[in-house]
Each structure stands twice: as structure tokens, then as C-alpha cells.
Amino acid sequence: MRIIVCVKPVPDPKHWNRLQLDPKTRTLVRKGIPGTINPLDRHALEAALTLREQEGGEVLVVSMAPEDSQPVLKEALAMGADRAVLLSDRVFAGSDTLGTAYVLSVGIERLGEFDLILCGDETIDGGTAQVSAQLAEFLGTPNVMHVSGLEVSPGKPWLARSQIEHGYTLVEIEPPMVLSVVKTINTPRYVTLMNILEAEQKPIEVWSANDVTLSEPWAGLAGSPTQMADLFAPERKGMAEMITGDPKEQAAKLADRLHRLGFC
Amino acid sequence: MEFKFSDREELLRKTVRDYAEKEIPPYMEAMEETGEFPVELLKGMGQMGILGVITAPEYGGAGMGALARIVVLEELGRVCPAIPMAIQVHHMCTYALSTWGNEEQKKKYLPPLCKGETMGVVAVTEPSGGSDVGGMQTTAKLDGDKYILNGRKCFITNSHHADTWVVIARTGEGGKGLSAFIVENDFPGAKAGRKENKVGLRGANTGELAFNNCEVPKENLLGNEGDGMTTAIQDIVQCGRPGMAAVALGILNGVLEQAVKFAGERTLYGKSISKLQAIQWHIADIYADLEISRLLTYRVGWMIDQKINCAAESALAKQFACEAAARSARKAIEIHGSYGIMHEYAVQRLLRDAVVTIPAGGTAEIAKLVMFRQALSMFGL
Amino acid sequence: MSDQVESKIWVFVEQRRHVVAEVGLELLGKARSLAEPLQWKVAAVLVGHELDALAEMVLSFGVDEALVADDALLEHYCNQAYVKAVEGAIRQYEPQALLLGATAMGTDFAPRLAARLRTGLSAHCIDLDLTPDGQLLSLVPGWGGNVMARISCPKTRPQVATVLPGVFPVPEPGRARGRMVSLNPQLQPEDLGYRVVETKREEAPKSGLETAEVVVAGGWGVGSKADWTRVEELAAALNGAVGATRPPVDEGWAEEKQMIGQSGRTVRPRLYIGLGISGHMHHLVGVKSSELSVAINSDPKAAIFEHCHVGLVGDLKEIVPPLVEAIKQYSQQEPG
Numbered sequence: 052m053r054i055i056v057c058v059k060p061v062p063d064p065k066h067w068n069r070l071q072l073d074p075k076t077r078t079l080v081r082k083g084i085p086g087t088i089n090p091l092d093r094h095a096l097e098a099a100l101t102l103r104e105q106e107g108g109e110v111l112v113v114s115m116a117p118e119d120s121q122p123v124l125k126e127a128l129a130m131g132a133d134r135a136v137l138l139s140d141r142v143f144a145g146s147d148t149l150g151t152a153y154v155l156s157v158g159i160e161r162l163g164e165f166d167l168i169l170c171g172d173e174t175i176d177g178g179t180a181q182v183s184a185q186l187a188e189f190l191g192t193p194n195v196m197h198v199s200g201l202e203v204s205p206g207k208p209w210l211a212r213s214q215i216e217h218g219y220t221l222v223e224i225e226p227p228m229v230l231s232v233v234k235t236i237n238t239p240r241y242v243t244l245m246n247i248l249e250a251e252q253k254p255i256e257v258w259s260a261n262d263v264t265l266s267e268p269w270a271g272l273a274g275s276p277t278q279m280a281d282l283f284a285p286e287r288k289g290m291a292e293m294i295t296g297d298p299k300e301q302a303a304k305l306a307d308r309l310h311r312l313g314f315c
Numbered sequence: 080m081e082f083k084f085s086d087r088e089e090l091l092r093k094t095v096r097d098y099a100e101k102e103i104p105p106y107m108e109a110m111e112e113t114g115e116f117p118v119e120l121l122k123g124m125g126q127m128g129i130l131g132v133i134t135a136p137e138y139g140g141a142g143m144g145a146l147a148r149i150v151v152l153e154e155l156g157r158v159c160p161a162i163p164m165a166i167q168v169h170h171m172c173t174y175a176l177s178t179w180g181n182e183e184q185k186k187k188y189l190p191p192l193c194k195g196e197t198m199g200v201v202a203v204t205e206p207s208g209g210s211d212v213g214g215m216q217t218t219a220k221l222d223g224d225k226y227i228l229n230g231r232k233c234f235i236t237n238s239h240h241a242d243t244w245v246v247i248a249r250t251g252e253g254g255k256g257l258s259a260f261i262v263e264n265d266f267p268g269a270k271a272g273r274k275e276n277k278v279g280l281r282g283a284n285t286g287e288l289a290f291n292n293c294e295v296p297k298e299n300l301l302g303n304e305g306d307g308m309t310t311a312i313q314d315i316v317q318c319g320r321p322g323m324a325a326v327a328l329g330i331l332n333g334v335l336e337q338a339v340k341f342a343g344e345r346t347l348y349g350k351s352i353s354k355l356q357a358i359q360w361h362i363a364d365i366y367a368d369l370e371i372s373r374l375l376t377y378r379v380g381w382m383i384d385q386k387i388n389c390a391a392e393s394a395l396a397k398q399f400a401c402e403a404a405a406r407s408a409r410k411a412i413e414i415h416g417s418y419g420i421m422h423e424y425a426v427q428r429l430l431r432d433a434v435v436t437i438p439a440g441g442t443a444e445i446a447k448l449v450m451f452r453q454a455l456s457m458f459g460l
Numbered sequence: 005m006s007d008q009v010e011s012k013i014w015v016f017v018e019q020r021r022h023v024v025a026e027v028g029l030e031l032l033g034k035a036r037s038l039a040e041p042l043q044w045k046v047a048a049v050l051v052g053h054e055l056d057a058l059a060e061m062v063l064s065f066g067v068d069e070a071l072v073a074d075d076a077l078l079e080h081y082c083n084q085a086y087v088k089a090v091e092g093a094i095r096q097y098e099p100q101a102l103l104l105g106a107t108a109m110g111t112d113f114a115p116r117l118a119a120r121l122r123t124g125l126s127a128h129c130i131d132l133d134l135t136p137d138g139q140l141l142s143l144v145p146g147w148g149g150n151v152m153a154r155i156s157c158p159k160t161r162p163q164v165a166t167v168l169p170g171v172f173p174v175p176e177p178g179r180a181r182g183r184m185v186s187l188n189p190q191l192q193p194e195d196l197g198y199r200v201v202e203t204k205r206e207e208a209p210k211s212g213l214e215t216a217e218v219v220v221a222g223g224w225g226v227g228s229k230a231d232w233t234r235v236e237e238l239a240a241a242l243n244g245a246v247g248a249t250r251p252p253v254d255e256g257w258a259e260e261k262q263m264i265g266q267s268g269r270t271v272r273p274r275l276y277i278g279l280g281i282s283g284h285m286h287h288l289v290g291v292k293s294s295e296l297s298v299a300i301n302s303d304p305k306a307a308i309f310e311h312c313h314v315g316l317v318g319d320l321k322e323i324v325p326p327l328v329e330a331i332k333q334y335s336q337q338e339p340g
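Here the protein sequences line up with chains A, B and C, keeping their order. Going by the numbering used here, the first residue of the first sequence is number 52, and it counts up by one from there. Going by the numbering used here, the first residue of the second sequence is number 80, and it counts up by one from there. Going by the numbering used here, the first residue of the third sequence is number 5, and it counts up by one from there.
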């Protein structure tokens, strides 16, 4: 079985309190914030590794990111992926989700046939949750999002469980396919010290725009249909009315207010 | 000269941090209460490669070396210093076995120690004192195909949980009369005795090991007869002191985090206390102590990996980092005011933990003696 | 055959088993107010099987056209079949904007459709604007709500956006004036990329967050799992639901389903109380419709104090217990 996992390097959310908006350039200053695998992509990778243990085959990691993201891909290899491809080129920079899905699709086309592409349902930074479905559209395969369970038995259609409001849908689907997973699907494994050493022997290939066939114009900032018209810190309503005093007085004043409004 | 971790060490730090932050906290309250090490964690730490970080891969380890070990211990200690305290002693056991063990001994004892199926300990200190290794009184007498051990070892970390004991005992007279033995906790006459009740690092179990006509098979002599002094001293220099320094780094990380967070949250006269210069100076001092301790400790790890003799540097790192941890924890308590001595706040535990690191793995005075000799030797004296 | 469709803004009104998702109706109201200055018409798009009654229902919300893609193969939601069902009509009638709810279905259908049409999509919007020249501007929180982005789609049409449920009010229904148009989807079984085996309601205990009159939410500042009981006690005293920001969920103090915000639930209670919540937009977008919002935090500079109505600076450990006591005493009093 050939499984491809799409991974996005994101600034480690543990350090997001250090993110700053540059008021002049209207961009986010993320200098010094270490990168990590997008949290849900870790679940996608875990699902891929579990499936490989069960069915055999290989797990490839594909990412579109700046070249300095290699340590993040190294971590994916240390988790157990066999090989990683980093699509990295200034031409790709600034892609919106359509552009990203398109670049990933041409990279994956170069990798050849696959049974399954796994993605995290959404990224923690942009949070658009669009790339998996758009990737499937470019590749012409079916896709299921919000996947919380997957049952694979050889020779039979696969069963994917997709979370919806107040429940789930169970669908029968045949490879090749794109699935994007939610957190509840599994618990990602830790990278072990032995894994770190093994990963040093595994290749990370870096592909530029010249290494893939871009026949459509969607890649990069210029090609992307959506544009960021403005980026700003959220507006403030203005200061709240403050209830002061020692803690007991504060509590009493608030309780009185809530009582007068009929909450108690 | 390069003051930068490689990608390997950065990933190592990240993965151990992830592990420690998720897996250790659920045990911390019980550790403080009972003074017991959570042995349930051993399997997981074995799978992670934490237990075998300095053991060669052919014996089930990761074989990553001394600097990697310091990073691992520091990250465990950031979350809970008692954990790396226990693990660093476990490492001392694997180090002794790896360095002086023969092939059979290594094959028999190292893989389960690396996997976390067994826990290890090195026992040097005796009731008469630990610093005077030459004055050791526990005896080992050869009787046919067995050594018979008699005596007591005290203040032994992991005493009541360890399965594999590396024990130094007297086989002859003087400094050359010491030998090392591998003792299994269920050998006839071997027994974990009194359990200590420490003020800090409570989750690392400490107690006595007693030998009452304890029968140790002859093949469990570690190295040669007479090597015991070297084994004890080298294990302390290469493993024990850097390990204690790394535990102190963990504490210092915690201290700085608690100090900064509290200073940022606490307000006085309507403004954050972090605006007060007195508080700022405390935090600058803690930061300096952490960074200096790091440089000293990482250097020792690097020197060990480069096979450079580092007896004085190892003593310096241990002595400085442990004192720095205690000093900084006190400053963090001052920042906290009365909150700092309340059980709900972590700083009081960090101070207790730091104080316990000072005599552990060799007292400050012995470390200073090593440094003094080094200083004299610089002038040919 | 199908009549000419004139609407410039299309709203996808999602339904499962003939029950519409409220967000579809919310978007009908918003679309009408966006379209008014430009004198554009607004259409509701329904996809499924046997939809006549629903078409009448959406027409009562004042839309000009109800576009209905009705086919037995559309009975269960399947993204590829849904895309095929509306793709032709969009290409033919060239709407300027297409709005969908950011639901499980909408977040799956919208990107696949936008990619098919090679057009731009903005996701999880919390506000929409339409410029006089017909540009749709979507307000999207990013980076965990640390920033807001305004997204436009200048070159391609339609401009597609998914909008968080609960952001806009459901309009009042009135007299229907629009008409129904059939889209004649003409699907083949092979247009379905997968087969729906079953759709099940999960008997997971409901948090009741979305419908609660009172929501008490806790953040990182609550401190620990043990301290989390303070959040629960205050909620219980006010007969409200318990919510959380992301950190307590990650720490295991609260459950995933209790998370409020951009990637969690949107609540619109009469009273919201935030305990130990610093106030990232990520969370605040989920509570901005609260009638009265109260924050208790030890950090006087916490951003939440600039977004809530009433603020208390102090230690939760010291304020919440007497607050719970006082509320309980009031609650035991006879009414009047």
C-alpha cells in the first residue's frame, strides 16, 4: 500500500504568545518561533503508520513549505515515514488554499500512483480546512473529511467514519482517495531517540517549480484567487466596566448585578 | 567552537519535552505525597530510549552520548526534577555495566535496563560517609565460586525499586582493595533496608541497601578485582555529576518559568510587579544562573563525547548548577512573596528539590577540592 | 428545461433528512441585507431529494429564487455528487457570490466546489461585506484569533465563503414572493465518489452549549484540573453550561465538545462569564453575541477586559467561592 501524508510545518502553538503583528508591513512576525508538524497532521501520519503496520507498504510525506522547514519533515521521518518530499520554491510562496492544493497535486502526480492520501482536517494557523478536498478535486479522486475512523480490509471497499453535527456518517469508499482526519481518530506516537537516529538515514528531497509540471496558473501569491485585503489586530470594544474591591466585595457586587438581571 | 545544538539534539529536546509534559504530570502529586518513584513510567521511558540514551544500540540503547543525555535529563527535570534524579542514577548503572562489564554481563543486564523492565542503581556511599571512597567498609570475600558481601550502603537513589545493583565493596586493603559487583536484588542476603524521607526530590526513592552474607556469583564481579575505586570515581565524573548538573538545569528552567509567570500576573499598586526593578533584578539573576549552568553542563557533555578528561569541569558544572538552582529558587520565592511558601505554588517544591541536589552525587566540598587541585595544576603545583 | 436565474448571491441552505441547518437561514438574512444596496437578487440553493416543502419554506424567508437540485442520488450528502448537481447552474448563471455555512457539510462541499470552479474561497468567516462594485469582503480570524484578515477574491467568480453558524441572526419568515427553479442535476450513479452506508446520531451527552442561557467558560488561567471544579460550580449555580478555550481541552480539564471559538462552538447566551481567559480572538469570536459578558482574570491587561462588558481583576481562588455562595443564596430567595 502506498500512503501519502500531507504535512504542514506551523509555528509551534506553544509559542504563539510571541507572535506579533508588524503594523507597518501588516505581516506576522514569527521570528524565533520554532516550527512543528501541524497538530492534526500528526494524527494523519499516525493513521498512515498504523495502516502500514497492518497492510505493509510505504508512507511518504509531502509538504509545500520554505526550505528551512526541513527539521519539521525530519520529525515526520522520525515518527516513521519512509521518505519526504519538500516542495519549495519562491514561485509557490503566498499560495492560498487553491494554490497550495494545486502545488501538492502536481508534486503527488510526480510521485506516481497511491492508494491513500491523508491530511489533517485543518491547520492550526490558517485553519481554513480546505486543502484536502481541493487536493482531491485536482487529483480527481473521492475525498472524505472529518474522518474519525477508518476500516481497511483487502479486496473490500474501505469504511470511513466522518463526524457531522451530533453524529457521524459511515461511507464505503474505494482507493485511491483523500481522507482528512480529526483528533479523535488516534493518539499519535512519540518520536523515540532511536527513531531520531534512524531518520538521519532517510532522504528529504527538495523539489522546486522546475521539478514539477505546472500547467495551471494557481500557484503562488499571483496565481491565487483569494487575496488578503487587510490584516489587523482584532478591534477593541473599549475597556470593560471594572468591579473593584477585595475579592469578597467583588463577588458580592457581581452576584447582586446578576440577581438584578434575573440570573439568580 | 560552535555554541549551537544540531538538528538531532533540537529534535531530541522537542520529543522529550512533548513526552515529559504529557506523561509525567499525572504522577506528580502522588510522588510528592508518597515519596515513591512512579515505576509505571519506566516502560514508556524505555520505549522512548530515555533509559538507554548512553547505552550502545547492540545492548538495546540509543547510543546518543553524554550531551544528549544532559538534554534528556534537563527536559525531564523541567517538568519534574525527581524523575531525572532517578533516571540519572539508572544511567550510572548502565554506564558502569557498559564500561567495565564483559560481554555476558552486558548482554544479560543492559537490555532489560534499557527497556525499563529493570531499574538500576550504583551503590558507593556508606553510613561512614560517601566522599571518602577509600574508607569503605562493606566487604566481599571470595568463597569458592561466590563472593560473600557484608555491609550497608546508604542514601542510595532507587534503592527500593532497583533490580540491578552495582555495588562497590572491599576485597583487599587500601584504595586498590575495592571491587565492583553486580548484585541482583533477590540474591540471597541482599535486601533494601531503611527508606529515607527526603525534603525534596521526593519522587526519587532513597534508602539503604543491606548485605548480610549476600551471595554473589563469581562471574558477577564487574571488571577486575581492585578496579572498584576507578569504577566509582569514573562513574561519578562521567555520569553522576553531569547528571546532577542536568537535574539542576531542569530545576532552573522551572524556576525561571515560575518567576516570570508570577511576576507577569501579580499586580501591586495597580501595576504588574514585573515593572519593579527589584523583581527585574531577581529575574535577571535567575536567567544568568540558568544560562551559566547550561554552558558549564553542556560543555561537560561535549567533553565526555569527545573523550576529553573533564574531572574538574564535571565537578564545577555540578557544584555551580546545583548551588545556582537553590539560589534561584530562593529568589523566585521572594518574587512570590507569601505565595512562594504555599504548597499550591511550585516554587517551594523547586527550592526543596534544589537543596537535595547539593549533597547528591558528591558534596560541594569534594567538588571544590577537585577544582582546587585543577587550579593548582595549572601552575604546576 | 430551466428558467433564467437572475440572483447574484446564492446561499446554500444545507439539509439532512429534510431538516435544514439554521445557518442556512441566517445566511439568507445576511445575503438579503448585502444585496439590497446593489439591488441584487438572492437565491437559496437546495440540494437533495423531494425538496418541494423545503423550497416553499426557504421562499418564506424572502428570497427571490429557490434553486432546487432534486435527484434520488442526492438523498444522502456526497460531495462529488453535490458539486456536479450545482456546477452547471453556476457556470450558466454566473452568480457573483456563493455563501455556505461552515458546518461539517459546508466545510467539505465548499472547497471541493470552489476547486472545481477554480475560484476563491474564504473559510469560517465571522462577518461579510459587499463593496459597491460587488466585491465580497470576508472577515476571517487567523492564527488562533491573534489577527483578523479581510479576504477578497478579485479575479474569479463566484466569490465563495463559508460562515460560522450563529454569527448572524435567523430572520423572521414572512410571505413568500419568490419562485422555485429546478436545476435538473442529471446524475449517474458513478458520479458518487463514495456510498453512504449509514448516518447515525451519536448518543454522546450533549453539552447544551449552543442553546444555554448562561455559559461559564474557563481558560488556561484556571490553573489545573483540580481548579476546574470552580468553573463547573459557578456554572451549576447559574444553571448554565460549561465551556472552555483550547488550553483546558488540550490539558484534559475539559472535553473537546466544550470548546468555544473559531474551531469549536459558537454560543449566544444571555450571560457569558469567562474565568482565567486571556481573550484571544480565537475564543472571543465564539462568544461575541453574548448579551452580557463578564470576565474574571488576574491579569489586568488581559485582552478580554477590552471585549467584555464587566471585568473583575483578581484571583479565581478568592473570588469564585464567595460568588458561588452569594448566587446560591439569591437563588434560594422567594421570587419577587
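Even glycine gets a Cβ: it sits at the ideal position worked out from N, Cα and C.
- Under DSSP, Asn229 (chain B) forms a beta bridge with B:Thr218.
- The beta carbon of Ile155 (chain C) sits closer than 6 Å to those of Ser126, Ser142, Val144, all from its chain and outside the five residues before and after it, given in chain order.
- Taking Gln8 (chain C) as reference, the option from C:Ile281, C:Ser293, C:Arg183, C:Asp303 with the minimal CA-CA separation is C:Arg183.
- Around the beta carbon of Ser275 (chain A), a 10 Å sphere encloses 16 or more other beta carbons of the protein chains shown; the residue is thus reported as buried.
- Short of 7 Å from the beta carbon of Pro117 (chain A), and not among the five residues preceding or following it, lie these beta carbons of its own chain, in chain order: Ser139.
- Considering only beta carbons, the part of the region 290–310 of chain C lying closer than 7 Å to chain B consists of Ser302, Asp303, Pro304, in chain order.
- Here the alpha carbon of Ala106 (chain C) sits roughly 17 Å from the alpha carbon of Leu288 (chain C).
- Neighbours of Thr76 (chain A) in chain C, taken as residues at a C-beta separation under 9 Å, are lacking, since the least C-beta distance is about 13 Å.
- A buried status is given to Thr151 (chain A), since no fewer than 16 other beta-carbon atoms sit within 10 Å of its beta-carbon.
- If only complete runs of 3 or more residues are kept, the region 186–229 of chain C shows the beta strand (DSSP E) at 199–205, 218–222, in order along the chain.
- Per DSSP, the continuous beta strand (DSSP E) segment holding Cys293 (chain B) begins and ends at 285–296.
- Between Val434 (chain B) and Gly279 (chain B), the C-beta spacing is below 8 Å.
- The beta carbon of Leu169 (chain A) lies closer than 6 Å to those of Val56, Ala95, Ala98, Ala99, Leu230 in the same chain, with the five residues before and after it left out.
- C-alpha of Arg373 (chain B) to C-alpha of Val61 (chain A): approximately 28 Å in a straight line.
- The beta carbon of Lys34 (chain C) sits closer than 7 Å to those of Leu132, Phe172, all from its chain and outside the five residues before and after it, given in chain order.
- Bounds of the alpha helix (DSSP H) holding Asn83 (chain C) are 83–97.
- Contact annotation: the region 395–415 of chain B does not touch the region 137–146 of chain B, with fewer than three C-beta pairs closer than 8 Å.
- Looking at the DSSP output, Gln71 (chain A) shares a beta bridge with A:Val80.
- If you look at Ser199 (chain A), you'll find it isn't in any alpha helix (DSSP H); it sits in the beta strand (DSSP E) that goes 194–202.
- Its Cα nearest to that of Glu202 (chain C), the residue A:Ile215 stands out among A:Thr192, A:Ile215, A:Arg240.
- When the five nearest sequence neighbours on each side are left out, the beta carbons in the same chain lying within less than 8 Å of the beta carbon of Leu309 (chain A) are those of Cys315, in order along the chain.
- Checking the DSSP bridge columns, you'll see Thr134 (chain B) has no partner listed.
- Going by DSSP, Pro169 (chain C) is part of no beta strand (DSSP E) at all; its letter is neither H nor E.
- Per DSSP, Ala180 (chain A) lies in no beta strand (DSSP E) and is assigned neither H nor E.
- Taking a Cβ-Cβ cut-off of 9 Å, Ile236 (chain A) has no neighbours in chain B, whose nearest Cβ is about 18 Å from it.
- His53 (chain C) sits away from Asp68 (chain C), with the two beta carbons spaced by 8 Å or more.
- Judged by DSSP secondary structure, Gln121 (chain A) falls within the alpha helix (DSSP H) whose first and last residues are 121–130.
- In terms of CA proximity to Gln278 (chain A), C:Gln163 leads the group C:Glu26, C:Lys305, C:Gln163.
- Put simply, the backbone Cα of His240 (chain B) is about 29 Å away from that of Ile383 (chain B).
- The contact set of Met245 (chain A) on chain B, defined by CB atoms closer than 8 Å, consists of Gly128, Pro136, Ala141 in chain order.
- Residues of chain A whose Cβ lies closer than 8 Å to the Cβ of Tyr377 (chain B) do not exist; the shortest such Cβ separation is about 18 Å.
- Rounded to the nearest whole angstrom, the C-alpha separation of Gly177 (chain A) and Val151 (chain C) is 11 Å.
- Below the 9 Å Cβ cutoff, chain C contributes Ala119 as neighbours of Phe189 (chain A), in chain order.
- Burial is judged here by how many other beta carbons sit within 10 angstroms of a residue's own beta carbon; Tyr348 (chain B) has fewer than 16 and is exposed.
- Between the region 269–285 of chain B and the region 155–175 of chain B, the count of C-beta pairs closer than 8 Å reaches three or more; the two stretches touch.
- In terms of Cβ geometry, Gly145 (chain A) and Val113 (chain A) do not form a close pair [threshold 8 Å].
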